[in-house]
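Everything on this sheet refers to the single structure shown next.
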Amino acid sequence: MLLAVTRATGSYAVAGTVMALFGATSVLLSPARAALVDRYGPRRALSPMASLYAVLLGLLALASRLPGTSAPVLGAIAVAAGACTPPLGPTMRTVWSELAADRGLLPRAYSLDGVAEELLFVAGPLVVGAVVQIAPPAAAVALSAVLVAAGTCAFAASPAVARVPGRSAVPKEPAGRRGSWVVSGIVPPVVAAGGVGLSLGALDLLVLAFAGQRGHGDDVVAWIFAALSAGSAMGGLLYGAVGWRSGARVRLSLSAAGLGLALAGAGLAPNLAVLTGAVVCAGLFVAPALTTAYLVADASAPPAARTRSGAWVNMAVNAGVSAGAAGSGLLVARVSPALGFALAGGAALLTAAAVAVGSRGGRKAVPEAEGPTTERVGSAEAGVTESP
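This is the structure:
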């Protein structure tokens with residue numbers, strides 16, 4: 001989309017604004033779209049949403065190819081498309097919750113889901129790069145529209161999705177239960193996800209500043225970002241392979257703390273090789289932290305709000321990334337990279353402390369999960385239901 005709008009308008013500023021509008025509506029309206037999935041079920045909600053999203057992306061691709069298309073028109077189409085983005089990630093995690101008869105398998109399922117997303121984020125730009133070698137950027141936008149529509153409709157039609165009921169098929173939760181979910185159930189994972197996103201959003205410019213300070217070109221930065229993704233994928237696989245005995249809220253706080261310490265230490269790196277190793281170490285905590293945030297949100301949510309709970313966590317991550325990028329842009333010219341890394345790490349450490357304190361304070365606010373042979377949800381000692 002960025003390339004298509006840039007080609008259409010000849011302006012990076014306009015392209016950046018269009019992307020920001022698309023991203024803002026996509027992220028900020030995610031809980032509202034997830035509420036539709038919770039209410040009507042994924043089978044009834046996702047297909048129309050994905051179809052409309054694909055049509056709008058196709059319209060954007062067409063508009064970017066028409067001579068004289070104005071920036072406001074492109075922006076309006078991008079806003080409409082962002083508002084219709086299907087909440088696939090939160091819905092998939094809801095489906096995993098229904099499929100996992102043994103709740104101890106959920107961390108593994110969520111970890112695998114997270115690693116698959118990492119691979120998609122790596123493969124996506126490669127596919128776009130291949131397409132624009134033989135076709136205009138608008139073709140890549142059109143291709144993404146087709147893939148989203150086809151993939152979402154296939155997912156919605158799968159037998160696994162049929163097991164996820166809409167709100168009408170779920171017993172109504174008492175008002176007090178809903179209130180306790182909002183106060184002590186969803187807040188800790190949302191805070192943790194926002195803190196992780198904030199730290200990761202600041203990382204891009206900090207790495208760029210670190211490399212520039214030592215006379216390296218921008219090309220080496222891509223390798224460091226790849227190292228972060230590799231570390232996150234490894235961390236996700238290791239996290240899913242371990243049979244954890246500690247509660248999920250404890251793991252959430254520790255994962256955020258590990259990320260913070262690794263980022264703070266990265267600022268002390270004497271050269272790019274050491275920085276790359278430190279970034280890999282930081283990546284080891286990214287997927288576990290986000291996976292655990294989704295687990296806590298899912299386990300704490302009433303059945304009629306599971307998809308929404310995941311969407312709130314997802315929104316917090318993306319909002320944190322945006323805020324971190326904006327904040328680092330203001331700081332990178334005023335402070336040294338070492339101090340910048342320390343501040344990014346400090347944000348994650350502060351998040352870890354807040355989650356730990358909040359989990360202890362809300363220990364009795366969230367009812368325990370059902371299941372005689374599993375751990376219980378609702379305290380700092382017991383996070384997500386899972387086998388000991």
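For the sequence shown, the UniProt record's numbering begins at 1 and goes up steadily by one.
Just so you know, even glycine gets a beta-carbon here, dropped at the ideal spot from N, CA and C.
Distance, residue j Cα to residue i Cα
i	j	result
residue 419	Leu268	The requested residue 419 is not part of the displayed model; the chain covers only 1 to 388.
residue 476	Gly151	What the structure shows of the chain is the stretch from 1 to 388, and residue 476 is not part of that stretch, so it cannot be assessed.
Cys153	Trp223	35 Å
Gly10	Val141	17 Å
Arg251	Tyr110	14 Å
Ser30	Ser309	10 Å
Leu74	Ala8	9 Å
Pro67	Val5	12 Å
Leu34	Pro90	Residue identity check: residue 34 is Ala in the sequence provided, not Leu. Going from the Cα of Ala34 to the Cα of Pro90 covers about 8 Å.
Ser300	Gly185	5 Å
Gly320	Gly231	20 Å
Thr374	Gly104	Confidence in Thr374 is poor, its pLDDT being 33 and thus under 50, which makes the residue's placement unreliable; the coordinate value appears in the next sentence. Using only the alpha carbons, I get a separation of about 8 Å.
Leu295	Arg65	43 Å
Gly41	Thr307	10 Å
Gly324	Ser199	6 Å
Ala61	Ala227	33 Å
Ala63	Ile77	9 Å
Ser253	Gly345	14 Å
residue 411	Leu147	Residue 411 falls outside the range modelled here, since the chain spans only 1 to 388, and no answer is possible.
Leu126	Arg39	37 Å
Reference residue i; option with closest CA among the options
i	options	result
Asn23	Ala316, Val79, Ala352 and Gly212	Correcting the residue identity first, residue 23 is Gly in this sequence and not Asn. If we check each option's Cα against that of Gly23, Val79 comes out closest.
Ala297	Ala347, Gly151, Val187 and Ser51	Val187
Ala347	Phe121, Arg65, Gly197 and Leu147	Gly197
Glu117	Ser322, Met234 and Pro337	Met234
Leu349	Ala160, Ser255 and Ala156	Ser255
Thr351	Gly195, Gly247 and Gly277	Gly195
Leu275	Thr307, Gly89, Arg214 and Ala289	Arg214
Gly247	Ser229, Pro270 and Ala293	Ala293
Leu119	Val335, Ser229 and Pro303	Ser229
Residue j beta carbon less than 7 Å from that of residue i
i	j	result
Phe285	Gly258	yes
Val355	Ala202	no
Val161	Val95	yes
residue 397	Val27	Because the chain spans 1 through 388 in this model, residue 397 falls outside it and cannot be assessed.
Ala145	Leu57	yes
Ala54	Ala135	no
residue 420	Val164	The requested residue 420 is not part of the displayed model; the chain covers only 1 to 388.
Ala50	Pro87	no
Val128	Ala139	no
Phe341	Ala266	yes
Ala287	Gly124	no
Pro159	Leu3	no
Host alpha helix (DSSP H) of residue i (start-end)
i	result
Ile186	Note, Ile186: premise wrong, no alpha helix (DSSP H); not H, not E.
Ala298	Going by the sequence as given, residue 298 is Asp instead of Ala. From DSSP, the alpha helix (DSSP H) with Asp298 extends over Leu272 to Ser300.
Leu105	Segment: none, Leu105 is in no alpha helix (DSSP H) and carries neither H nor E.
Ser30	Ser30 to Tyr40
Val335	From DSSP, Val335 is part of no alpha helix (DSSP H); its letter is neither H nor E.
Val95	Leu88 to Leu99
Pro159	Pro159 to Ala162
Ser253	Ala248 to Ala266
Tell me, please, whether the stretch 323-332 touches the stretch 200-212 by the rule of three or more beta-carbon pairs shorter than 8 Å.
yes
With a threshold of 8 Å, are at least 3 pairs of Cβ atoms found where one atom belongs to the stretch 259-266 and the other to the stretch 278-297?
yes
Below 8 Å, can you find three or more Cβ-Cβ pairs linking the stretch 235-248 to the stretch 309-317?
no
Does the stretch 75-94 come close enough to the stretch 20-36 that 3 or more CB-CB pairs lie under 8 Å?
yes
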